[in-house]
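Quick notes on the structure that follows.
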Amino acid sequence: MEHLVVGSFLSALATGAGALPILFFKRVTHRWRDILLAFTAGIMVAACTFSLIPQAMANERLIVVCLGVLTGTVLLTLLESVIPHIDLEHTRANISMDSQSLLILSAITLHNIPEGLSVGVSYSAEQSGLGGLIAFAIGVQNAPEGFLVALFLINQRVSRFKAFLLATLTGSVEIVSSFVGYYLTSFVEGLVSYGLSFAAGAMLFIVYKELIPESHGDGHERSATFSFIVGLLVMICLIKWFG
1035 MEHLVVGSFL
1045 SALATGAGAL
1055 PILFFKRVTH
1065 RWRDILLAFT
1075 AGIMVAACTF
1085 SLIPQAMANE
1095 RLIVVCLGVL
1105 TGTVLLTLLE
1115 SVIPHIDLEH
1125 TRANISMDSQ
1135 SLLILSAITL
1145 HNIPEGLSVG
1155 VSYSAEQSGL
1165 GGLIAFAIGV
1175 QNAPEGFLVA
1185 LFLINQRVSR
1195 FKAFLLATLT
1205 GSVEIVSSFV
1215 GYYLTSFVEG
1225 LVSYGLSFAA
1235 GAMLFIVYKE
1245 LIPESHGDGH
1255 ERSATFSFIV
1265 GLLVMICLIK
1275 WFG
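Note that this note's numbering has the sequence shown beginning at 1035, numbered continuously upward.
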């Protein structure tokens, strides 16, 4: 339990850590933003394909794993239809600044719920170190997300300190959802494998629908591609050494 507490808090607070630089400067080049997003995508793909899915397949039938992945993907699709994706830099002009800020904060907060579930479910698994690896992967993803959210809020004339606090709060929902995921799998027999595959589906949706397109939208595809590969290899090494 203590490992869950530490892991969930660190992965959630990574959002605030990513937003921290916004207190000192408010610009980042497109190239570095795309490199960070692609690196994050590589980390998450490796976590799914070399940790979550193999662990789920080791304990359950293939049909359960397939259903879990599909459920995670469908749930993220439904969430996005309720709270649609908003381009942080090319927002719609027909939304007022206040409602625009509220919409992006709601979208990020809602999007963080399945990430917290992923952490909680991973700590319920029998594989030693899996929870820490997934918490690390989610934390790496949260850092650039926190920076971009804070940057968006500053562009909407929100004060820097308030933007930092709001960006940090969007990650706090992961702490609650991680405990929900942990206790559900602790009390419902056979739910761990389904939960792991669900987490993989949710994370793969985020990678393919959000991170990769965002990292390839400004003409830095080659840098982003190499960054993706580096992120993938970093996570594979971590899994090999600590998984």
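Even for Gly, the Cβ is constructed at its ideal location relative to N, Cα and C. Only a predicted model underlies this, so the values are computations on that prediction, with no experimental measurement involved.
Check                                                                                                                                                                               : Outcome
Helix, strand or coil for H1064? Go by DSSP, reduced to three states.                                                                                                               : helix
What does the alpha-carbon distance come out to for the pair I1263 and P1178?                                                                                                       : 18 Å
Residue range of the alpha helix (DSSP H) that R1194 falls in?                                                                                                                      : 1194-1221
Do three or more CB pairs link the segment 1199-1218 to the segment 1078-1092 at distances below 8 Å?                                                                               : no
Note down, in chain order, each residue of its chain lying with its Cβ closer than 8 Å to the Cβ of F1195, except the 5 sequence neighbours on either side.                         : L1057
Is the separation between the beta-carbon of F1143 and that of T1074 shorter than 9 Å?                                                                                              : The displayed chain sequence assigns Thr, not Phe, to residue 1143. Contact: no.
Under a Cβ-count criterion, where at least 16 other Cβ atoms within 10 Å of its own Cβ denotes burial, should N1128 be classed as buried or exposed?                                : Residue placement at N1128 is flagged as unreliable, the pLDDT there being 45, under the threshold of 50; the coordinate-derived value follows with that caveat. Exposed, by the Cβ-count rule.
Would you check if there are 3 or more beta carbon pairs closer than 8 Å linking the segment 1095-1106 to the segment 1183-1193?                                                    : no
Among the residues of its own chain, which have a CB less than 7 Å from the CB of G1041, if the five just before and after it don't count?                                          : V1153, Y1157, G1165, G1166, A1169
If distances are taken between C-alpha atoms only, which option among R1065, Q1175, G1235, R1067 comes closest to V1098?                                                            : G1235
What does the alpha-carbon distance come out to for the pair R1256 and G1076?                                                                                                       : 14 Å
Measure how close the beta-carbons of S1045 and I1172 come, nearest whole angstrom, since I'm counting them as under 8 Å.                                                           : 4 Å
Could you name the residues of the same chain whose beta carbon sits closer than 7 Å to that of T1219, not counting the 5 residues immediately before and after it, in chain order? : V1155, S1158, L1225, V1226, G1229
At the level of alpha carbons, what is the spacing between L1199 and I1147?                                                                                                         : 18 Å
Judging by CA-CA distance, which residue of L1245, V1241, G1251, V1207 is the nearest neighbour of L1047?                                                                           : V1207
For L1238, which residues in the same chain have their Cβ closer than 6 Å to its Cβ, ignoring the five residues on either side in sequence?                                         : C1082
Among Y1217, I1188, M1091, which residue has its Cα nearest to the Cα of G1150?                                                                                                     : Y1217
Can you tell me whether G1041 is helix, strand or coil according to DSSP?                                                                                                           : helix
Since L1266 contacts L1071 with CB under 8 Å, what's their CB separation in whole angstroms?                                                                                        : Not quite, the Cβ-Cβ distance comes to about 14 Å (not below 8 Å), so this is no contact.
Between which two residues does the alpha helix (DSSP H) carrying P1247 extend?                                                                                                     : 1246-1249
Since R1065 and H1254 are thought to touch, with beta carbons under 8 Å apart, how far apart are those beta carbons, to the nearest angstrom?                                       : 5 Å
With DSSP run on the structure shown, which of helix, strand or coil describes A1051?                                                                                               : helix
Might you give, ordered along the chain, the residues of its own chain that have their beta carbon closer than 7 Å to the beta carbon of K1274, omitting 5 neighbours on each side? : none
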